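In the numbering used here, the protein residues as written are 1 to 77.
For glycine and all other residues, C-beta sits at the position ideal for the given N, C-alpha and C.
Keep in mind that this is a model prediction, so the values were computed, not measured.
In what follows, a structure is listed as structure tokens, so that the remarks can point back to it.
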């Protein structure tokens, strides 16, 4: 484990000390758990949008067929 130093406000340290005493663990344990949870959330993959796949036709050769079935070009005049 790496040793790291950081600063806390007086109020945050007071709240941390009280939370540690209530749980019967060290302040370092609470800090490690909080950092681990935060890093997990930051590095997790974002959820896929619900609209993903909404246009899925179930046909796998759509791109090949669309190239073969192109309409004949028309003159604009």
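I'd like to know whether the C-beta atoms of residue i and residue j end up nearer to each other than 8 Å.
i	j	result
residue 16	residue 1	no
residue 20	residue 30	yes
May I ask which residues mark the beginning and end of the alpha helix (DSSP H) holding residue i?
i	result
residue 17	10 to 23
residue 38	27 to 43
Tell me which residues share the same chain as residue i and place their Cβ nearer than 7 Å to its Cβ, disregarding the 5 neighbours each side in the sequence.
i	result
residue 18	none
residue 5	none
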